[in-house]
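Shown next, in structure tokens, is the structure this report addresses.
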Amino acid sequence: MRGHKVTHAMPAAAVNERICQWLDAAGNGLANALAWPGKAAVLLGGAAIVVLMGLTVADVVLRNLFSTVVPGGLEVAGLLTVLVVLSTVSVVEIERNHVQVDLLLNAMPEHVRAPTVVGGLLLAFTAMVVTAFQIFEQVRYLWGNGIVTGVLGLPEWPFVAAAAIFVLLFALALLANLMTGLAQVARQADWRSLVVLGLWVAATAAIITLCFNPDALPFELSRSTRGLLSITLCFVLIFLGVHVAAAMALTALVGISLLISSGASLTSLGTTTIDVVSDQTWSVVPLFTWMGLIVVASGFAAELYRAAYRWIGHLPGGLASASTVACAGLSSIVGDTLSGVYSMGSIALPEMRAYGYDMKLATASVACAATIGVMIPPSLAFIVYGMITEVSIGKLFMAGVLPGLLFAVILIGLITLRATLNPALAPRGERSSWSERFRSSFGTWPILLLMLLVLGGIYSGAVTPNEAAGLGVFGAILIALAMGRIDARKLAATIAATLRLTAGIIIIFMFAAAFSRFIALSGLTQQLGNLVLGLDLGKYQIITAILLFYIVIGMFMNALPALVLTVPIFYPIAMNAGFDPVWFGVLVVIMVELGVVTPPIGVNVFAIAAIARDVPMYDIFRGVLPFWVAYLLLVALIVIFPQICLWLPSLT
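Each number in my numbering corresponds to the 1-based position in the sequence shown with 25 added.
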């Protein structure tokens with residue numbers, strides 16, 4: 026009797042695990058393969074930012090001493106900016122640090138959250154592949170037509186090719202995270218996860234179809250309705266956790282395709298992204314960021330707090346007030362709020378805890394004081410607003426000084442009042458002698474000198490904001506090296522951190538330009554403006570409605586995405602209502618920054634909670650609530666007395 030060979034099918038669970046292992050191995054392998062290009066990109070970007078700083082300083086020195094400039098300096102700066110702002114986008118993605126709104130994601134059950142993350146990565150991967158292809162099309166055009174720079178005759182295509190490669194590496198980093206995310210979904214072995222994932226795949230297919238074939242839309246829609254549909258798509262994607270940059274890219278692609286044609290949509294994406302990253306004006310972002318990181322790494326921020334503590338620490342709530350003073354001073358160097366939170370939080374909170382401060386007050390005071398950074402220049406938020414609206418960044422910087430100082434005074438007054446009424450909230454610190462006060466003040470000279478160099482240069486008109494940033498970095502490096510506060514290793518770390526922070530910011534503005542172009546083509550702002558005018562509202566009713574909208578959106582969206590998404594919509598309305606663009610910019614920046622201490626997002630609160638891990642986040646938000654009075658009072662004063670913003674700019 027002939028025997029029969031018996032075969033045993035592999036159990037479904039084992040097959041599933043094999044697939045998961047393969048996906049994990051593929052994703053991790055791709056991430057590891059991207060490590061070498063990532064390191065090379067950091068070195069390239071680091072060299073570029075050092076040369077950019079040196080070029081900027083040389084230009085200022087030559088102009089002021091010899092009435093000449095570096096030949097072709099601006100065009101070289103523009104080409105270097107491409108390398109600086111995009112070199113580490115893939116590294117930031119591997120580290121999962123790109124800007125996204127994860128409020129809804131964190132609230133989802135795991136069988137919905139995991140496939141939603143994968144779906145968002147799929148959309149982002151698709152957007153970056155399309156973008157890289159369109160930038161390569163620009164390379165082909167520049168190379169084929171022999172396009173060179175105007176003064177030095179440098180070929181432009183190598184730098185644009187570098188941008189395309191950086192975006193392609195970003196796409197591969199997204200693919201690596203996508204594969205490991207798929208493994209997580211597969212391990213759940215839950216049919217509900219597969220259904221959600223299938224919906225995301227279908228949505229991706231539908232979006233791409235509309236990008237390349239707008240006639241596939243099964244029904245006729247008016248121009249304004251198509252524009253509104255695209256904007257709705259953008260907000261939906263962002264709130265579902267899709268990368269903000271990818272959501273804006275896809276919105277611009279779909280929107281312009283529906284309004285004009287797929288060809289116009291694709292071409293617009295390629296041209297606008299390159300126009301943004303090759304604009305040397307954006308060099309102000311990495312240079313000011315680098316200066317701030319050097320100041321923090323060198324310990325100058327700690328000296329500033331100690332000096333403030335020596336002078337006012339013995340007053341009611343003095344330690345909390347000292348952190349406010351230090352944040353105001355640090356803001357003139359750093360330019361963003363999170364740097365203030367981390368530097369002041371790590372210094373001031375242990376002191377306040379040691380003196381028995383109520384930790385709700387202690388943590389909330391630091392979280393709110395750090396927001397002064399968006400008002401006192403150099404302010405990243407003002408730079409962004411100015412780039413979107415083409416309002417003078419120098420005037421915006423000047424407009425923010427008095428509101429920033431006024432806000433610091435209001436915060437200190439509120440802290441002092443609460444500590445006076447309830448001394449147990451904030452016991453007094455030790456009274457310092459006059460000699461201790463003056464010795465501590467001497468330790469602040471590096472920051473005072475940098476303030477004079479940066480702000481004095483801008484306000485006197487001697488330098489542009491970009492040049493002030495370059496001078497500030499150069500000055501910070503010289504001072505830190507002379508004082509022995511920084512070495513080559515620390516300096517290299519500040520460069521790497523600068524490149525990472527810059528990449529996470531600029532990748533958004535790459536696509537914000539295409540998004541703004543779509544908004545302009547849709548005609549929505551004009552129609553919305555006409556609608557508002559038709560309601561016969563007073564100008565202050567209009568501004569009140571806009572400010573209320575910012576309070577609501579700040580509850581769910583970080584300051585940067587909120588600024589980029591809403592300014593193209595509200596700015597034309599405010600201008601039609603007759604408001605000053607500089608004044609409106611100050612108000613908008615204050616309102617989006619209010620969101621960083623507003624639940625449930627409140628990134629400053631999350632940051633301070635990471636430092637004071639024993640303080641519940643709920644308690645920190647409760648501590649922030651009384652400080653809302655300070656924000657609302659500041660906004661009311663600026664609305665009633667606009668000269669608070671406009672007096673300094675009017676002097677130029």
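Just so it is clear, CB atoms sit at the ideal spot from N, CA and C, and this is done for glycine as well.
For my contact list, G295 and Q163 are in at a C-beta cut-off of 8 Å; report their separation, rounded to the angstrom. 5 Å
Assigned exposure category for E245 - 16 Cβ within 10 Å defines buried: exposed
Between the alpha carbons of R464 and T362, how many angstroms are there, rounded? 28 Å
Do you know whose CA, among A83, A241, A102, lies nearest T93's CA? A83
I'd like the list of long-range same chain contacts for W182, defined as Cβ closer than 6 Å, with 5 residues on each side in sequence excluded. V164, L167, W168
Continuous alpha helix (DSSP H) assignments of at least 4 residues falling wholly in the segment 384-427: 384-394, 405-414
What residues in its chain sit with their C-beta under 7 Å from that of L673, if we drop five residues either side in the sequence? M423, A424, V426, L427
If you measure between the beta carbons of V111 and V302, is that distance less than 7 Å? Looking at the sequence itself, residue 111 is Leu, so the reference to Val does not match. Yes, Cβ-Cβ distance for L111 and V302 is below 7 Å.
In chain order, what residues of the same chain lie with their CB nearer than 6 Å to the CB of G144, ignoring the 5 residues before and after it? W225
My assumption, with CB atoms under 8 Å, is that L262 sits in contact with L203. Please give the rounded CB distance. Their Cβ separation, rounded to whole angstroms, is 16 Å, which puts L262 and L203 out of contact at 8 Å.
Backbone secondary structure at P180 - three-state DSSP: strand
Could you compute how far the alpha carbon of L480 sits from the alpha carbon of D215? 58 Å
Do W315 and V498 have their C-beta atoms within less than 7 Å of each other? yes
By DSSP's criteria, V173 is part of a beta bridge. Which residues make up the other side? P180
Segment contact flag, the segment 464-473 with the segment 322-332, C-beta cutoff 8 Å, min 3 pairs: yes
A66 to A102, Cα distance in whole Å? 18 Å
Specify the secondary structure class of A214 as computed by DSSP and reduced to three states. coil
Boundaries (first-last residue) of the alpha helix (DSSP H) holding M600: 584-601
Closer than 6 Å by C-beta to A376: which residues in its own chain qualify, once you throw out the five before and the five after it? Chain order, please. Here residue 376 is Glu; the residue named in the question, Ala, does not match the sequence. Result list for E376: L344, in chain order.
Report the three-state DSSP secondary structure of R136 (helix, strand or coil). The sequence shown places His at residue 136, rather than the Arg named in the question. Helix at H136.
Determine the burial state of A201: buried for a count of at least 16 other Cβ atoms within 10 Å of its Cβ, exposed for fewer. buried
Assuming R510 is part of the alpha helix (DSSP H), what are its boundary residues? Segment: none, R510 is in no alpha helix (DSSP H) and carries neither H nor E.
In this structure, does DSSP put T93 in helix, strand or coil? coil
On a Cα-Cα basis, can you pick out the residue from V142, I615, V210 that is closest to L572? I615
If you drop the 5 nearest sequence neighbours on each side, which residues of the same chain put their C-beta closer than 6 Å to that of E461? R335
By how many angstroms is the C-alpha of K564 removed from the C-alpha of Q668? 17 Å
Buried or exposed: I665, going by 16 or more other Cβ atoms within 10 Å of its Cβ? exposed
Helix, strand or coil for A51, going by three-state DSSP, please let me know. helix
Got a sec? Which residues, its chain only, sit under 7 Å from V611 by beta carbon, not counting five neighbours each side? A424, G425, P428, I663, C670
I472 to R456 span [Cα, whole Å]: 24 Å
Beta-carbon proximity of I437 to S346, cut-off 7 Å: yes
For A326, which of I337, G338, P341, T349 has the nearest alpha-carbon? T349
I think I358 touches I502, with their Cβ atoms under 8 Å apart; what is that distance to the nearest whole Å? With 8 Å as the limit, I358 and I502 do not qualify as a contact, their Cβ atoms being about 13 Å apart.
If I follow the unbroken alpha helix (DSSP H) through T297, where does it start and stop? 287-302
Check this for me: beta carbons of G482 and A493, under 7 Å apart or not? yes
Would you kindly work out how many angstroms separate the C-alpha atoms of V248 and V116, rounded to a whole number? Contrary to the premise, residue 248 reads as Arg rather than Val in this sequence. Between R248 and V116, the C-alpha separation is close to 39 Å.
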